[in-house]
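Protein sequence lines correspond, in order, to chains A and B.
Going by the working numbering, 162 is the number at position 155 of the first sequence; the sequence numbering is gapless.
Going by the working numbering, 216 is the number at position 195 of the second sequence; the sequence numbering is gapless.
Even glycine gets a Cβ: it sits at the ideal position worked out from N, Cα and C.
Notes follow the structure.
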Amino acid sequence: MIKLEGLTKVFPGHNIPAVKELNLEIKEGDVCVLVGPSGCGKTTTMKMINRLYEPTGGKIYIRGEDALQMDPIKLRLDIGYVIQEIGLFPHMTIEENVATVPNEKQWPKDKTREKVKEVMTLVGLDPDVFKDRYPTALSGGQRQRVGVARAMVSDPPIMLMDEPFGAVDPITRARLQNEFLRIQERMGKTIVFVTHDIDEAIKMSDTIAVMREGELIQHDTPSDLLSAPADEFVSNLVGRNRSIKRLHLIRINEILEDVSRGKPLNEDAKKDDIEKQLAESDIRSVIVVDRDNKLKGVIGVNDLKRKAGEVARDYCQDVSDTITDDATLNDALSVMLEIGEGYVAVVNEDDRYQGTITLGDLLNVVKEDS
Amino acid sequence: MLRNIWVWVGIPLIMIGIAAAIVIYSVNNPTDSIVARMLTYERVFRVIREHMGLLLVSMTGATIVGVAGGIMLSRPSLYRIGRVMETIVNIGQTVPSLAVLALFYTILGLGFRVAVFALFLYSILPILRNTFAGIDGVEHNIIEAARGMGMHPLRILTRIELPIAFPIIVAGLRTAIVINVGAATLATFIGGGGLGDLIVTGLSVHRDMIIINGAVIAAVTAILLDYLIGKVEERVVRWA
């Protein structure tokens, strides 16, 4: 889909090239993450793909076509672009912002409006609530979503993303990453993704391209990168605790079946049942759900003694946080650390209870791998 | 609705009313015969007309040239010149308006046209500077996002840069108008007419009443125009 051949960029007034003789091929539908320390040329490489920077040497092929021969404006209109600070237009409403590319392509108004609605919903922003707001009225996470929506609205086959989830807190970041992966699973776009965060790279990518001082050091799948780093630089970048990094590669729903725990309690369950289940539980608590299998709360050993009541509903207390089943094991670990418990309840997109995973499960996964 | 009437009609009428009250009172109750001869409705209307003429012609020209010049200097190819111009303009602004008029008198002679030309040049400065600074101040990543999504440079200028710079350009316009109304009172020294006529006459015959009339009308004009442009800007800019 995208092929870079001997790509070189020397900025005027510099002796050392920012990108040197870079060869890289990205397959259709793949997420390729360019990773490396700042100044390694990863952003420069990306900006040459949509010709914000003109290469000083080498070739770029997009679907076999020579991108350097194409009209840059036309080229860019078919490549989604999300940048670090998002670059939302402050004087336009969210709807106008998202409609930027359709307006440039002069789509009919109705089609644009429909598509904007659709893509806003896709990234989790209710169009009725947000479309008339201005960017200043949005939180950091919401702005990032608008940035992604704006890049996707015209359904470009290729997207370039320059640290798109950089400016938000870690929890929001993990959530945006998971949502994005869910969308990508459906859309199957070819994505070039730039980050300096190796954890993000491992989590988001189909392939990782590690760069240093303008050169490509290694281009591999995340799993190969972890098990066989090409040189010391890559292994340093990946870090010493490689087995923990593997937690990024595994999604909760992949291990959930293997860690089958007792069924959750119905909220109408009697005290005897609660006691029986508690005795069997390895987390000294039982999860309580309602008739629709929605998470109601949790009953710990102490709750049974401390509170009075007849059925589970009376004893249970709220859970501090849950995690969705498409999150990675690493996300689950951070939630556990965040709420200070050895387990976390897993729910699906519709908030229905799916199971529970514990620190022990994570340890088992790490152990198996190493 | 009621608020709108108050903002657009009420407050301006109060301002005009204050000026009108002072003029009517002065014309009807002159302190002596000199004031009575020098301060007539006819004369007041004439100097107001002249003053508005000076203002309108010089400001229209200055706005067109200032905004166009500011846009041109902000283009990448002329950007370096733009930075130099910014400094020159800032120095030019420190030259007193009276000196500017005097300078053009020595070069071009007397009359309304010379006064208009001097005012025009003097008013370009804040407009040019603010247009340049406003466009220059648009965040880099906003421009880059627009370019990266495939917007044409001209579209980026009209759809992104100018709207974002608009409040700053308008601020320059307001500065220019206030300065212009004040400086136009000096046009009388080179035979340009205007409210300065009243003030200079009052000074030469030692009658404060005449001076006050000229000064009040000039002040109210400046405040009113500044106020109205500010309100228009509030209307247009909803995002800040």
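So if DSSP puts residue 227 of chain A in a beta bridge, which residue, or which two residues, is it bridged to? Looking at the DSSP assignment, residue 227 of chain A forms a beta bridge with A:215.
So, are the CB atoms of residue 194 of chain A and residue 89 of chain A less than 8 Å apart? Contact flag unset, no.
What are the partner residues of residue 359 of chain A, as DSSP defines its beta bridges? According to DSSP, which records beta bridges pairwise, residue 359 of chain A is partnered with A:301.
Delimiting residues of the beta strand (DSSP E) encompassing residue 287 of chain A: For residue 287 of chain A, no beta strand (DSSP E) run applies; the uninterrupted alpha helix (DSSP H) run containing it begins and ends at 278-287, by DSSP.
Nearest to residue 171 of chain A (by Cα), restricted to the options A:156, A:162 and A:336: The option with the nearest alpha carbon to residue 171 of chain A is A:156.
Counting Cβ pairs closer than 8 Å, one from the segment 123-142 of chain B and one from the segment 93-103 of chain B, do we hit at least three? With the cut-off at 8 Å, the segment 123-142 of chain B and the segment 93-103 of chain B do not touch.
Residue environment, residue 83 of chain B, which counts as buried when at least 16 other CB atoms sit within 10 Å: By the Cβ-count criterion, residue 83 of chain B is buried, with 16 or more other Cβ atoms from all chains shown falling within 10 Å of its own Cβ.
Here's a check: name, in chain order, each residue in its chain whose Cβ is nearer than 8 Å to the Cβ of residue 39 of chain B, leaving out the five neighbours to either side. Excluding residues within five positions, the ones whose Cβ falls inside 8 Å are 237 and 241.
Which residues, taken in chain order from the segment 155-172 of chain B, show a beta carbon closer than 7 Å to some beta carbon of chain A? The segment 155-172 of chain B vs chain A, Cβ under 7 Å: 162, 163, 165, 166, 168, 169, 170, 171 and 172.
Using CA coordinates, which residue listed in B:121, B:86 and B:163 is at the minimum distance from residue 200 of chain B? Measuring from the Cα of residue 200 of chain B, the nearest candidate turns out to be B:121.
Does chain A have any CB closer than 8 Å to the CB of residue 97 of chain B? No, because no Cβ of chain A sits closer than 8 Å to the Cβ of residue 97 of chain B.
Look up residue 386 of chain A in the DSSP assignment and say whether it is helix, strand or coil. Shown here, chain A extends from 8 to 377; a query on residue 386 of chain A therefore has no answer.
Along the segment 96-107 of chain A, what residues have a CB closer than 9 Å to any CB found in chain B? For the segment 96-107 of chain A, which is checked against every Cβ of chain B, the residues closer than 9 Å are 96, 97, 98, 99, 100 and 107.
Assuming residue 360 of chain A contacts residue 302 of chain A (C-beta within less than 8 Å), just tell me the rounded distance between them. About 5 Å; that satisfies the 8 Å criterion.
Euclidean distance between Cα positions of residue 229 of chain B and residue 223 of chain B: In this structure, the straight-line span from the alpha carbon of residue 229 of chain B to that of residue 223 of chain B is close to 6 Å.
Proximity of residue 305 of chain A and residue 318 of chain A at Cβ, strictly below 8 Å: No, they are not a contact pair.
Along chain A, which residues have their Cβ under 7 Å away from the Cβ of residue 181 of chain B? Chain A residues near residue 181 of chain B: 96.
Taking 8 Å as the CB-CB limit, is residue 371 of chain A close to chain B? Taking 8 Å as the CB threshold, residue 371 of chain A stays off the interface with chain B.
Starting from the N-terminal side, write out each stretch of the alpha helix (DSSP H) that is 4 residues or longer and does not extend beyond the segment 136-223 of chain A. Positions of the alpha helix (DSSP H) runs, each at least 4 residues long and wholly inside the segment 136-223 of chain A, are given as 147-159, 177-194 and 205-211 in order along the chain.
Using a Cβ-Cβ distance cut-off of 8 Å, determine whether residue 346 of chain A contacts chain B. In terms of beta-carbon proximity, residue 346 of chain A stays away from the interface with chain B, with every pair separated by 8 Å or more.
In chain A, what lies closer than 9 Å to residue 184 of chain B by C-beta? Simply 96, 98 and 99.
Taking the C-alpha atoms as reference points, what is the distance between residue 217 of chain B and residue 203 of chain B? Annotation: residue 217 of chain B to residue 203 of chain B spans about 9 Å, alpha carbon to alpha carbon.
Below 8 Å on C-beta distance, what does residue 88 of chain A contact in chain B? Think of a sphere of 8 Å around the beta carbon of residue 88 of chain A: the chain B residues whose beta carbon falls inside it are 166, 169 and 170, in chain order.
Distance between residue 153 of chain A and residue 104 of chain A (C-alpha atoms, nearest Å): Between residue 104 of chain A and residue 153 of chain A, the C-alpha separation is close to 8 Å.
My output table needs one value for residue 103 of chain A: the three-state DSSP class, helix, strand or coil. Looking at residue 103 of chain A - three-state DSSP - the assignment turns out to be helix.
Looking at the structure shown, is residue 275 of chain A part of a helix, part of a strand, or coil, going by DSSP? In the structure shown, residue 275 of chain A sits in coil (DSSP, three-state: anything other than H, G, I, E or B).
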